[in-house]
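Peer 1: Can you keep this structure in mind? I'll have questions shortly.
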Amino acid sequence: MLVSSMLPQFYAPYMLLNHPSGLQVMPHASSSLASPHRQKRGQSMRREHVCTKCGKSYVFQQSLNRHRKWECGLEPRFRCPYCSYKSKQQSHVKEHVRRKHDGKRVNVIKMVD
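Start counting the sequence shown at 1; every next residue gets the next number (full-length UniProt numbering).
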């Protein structure tokens, strides 16, 4: 068990350190280097990837690629089995069921492609 008094007084959060006790000290999960997409509080990420068909913008290229392939100009492919809610993303329907249909099984109906 690591006790805070066992940790070195100063260390870089992005390095594994060998502590005198023989334990390796892991970096902080909140380190700014933990994720290449992490940003400072109060900053907004630029939405540089724009769909040429509809004008929607995304922070990441892969999000724009997904939008182009499965969403842009297409009808919703998934629907809620308990009401008329439809969405282009399965995860949105699952979240809808969790929030709006308390106690119901989280099922999604895939509509015809």
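In this text, a Cβ means the ideal position worked out from N, Cα and C, and glycines have one as well.
Quick check on this structure: which residue in 107, 45, 48, 47 has the alpha carbon closest to the alpha carbon of residue 79?
Peer 2: The option with the nearest alpha carbon to residue 79 is 107.
Peer 1: Taking the straight line between their C-alpha atoms, what separation do you get for residue 57 and residue 73?
Peer 2: Distance between the alpha carbons of residue 57 and residue 73 is about 15 Å.
Peer 1: Please determine, among 104, 94, 98, 51, the residue with the shortest C-alpha to C-alpha distance to residue 110.
Peer 2: When each option's Cα is compared against that of residue 110, the closest is 94.
Peer 1: What first and last residue would you give for the alpha helix (DSSP H) that runs through residue 101?
Peer 2: It is not in any alpha helix (DSSP H) - residue 101 carries neither H nor E in the DSSP assignment.
Peer 1: Quick one: Cα of residue 96 to Cα of residue 76, how far?
Peer 2: Each residue's alpha carbon lies about 14 Å from the other.
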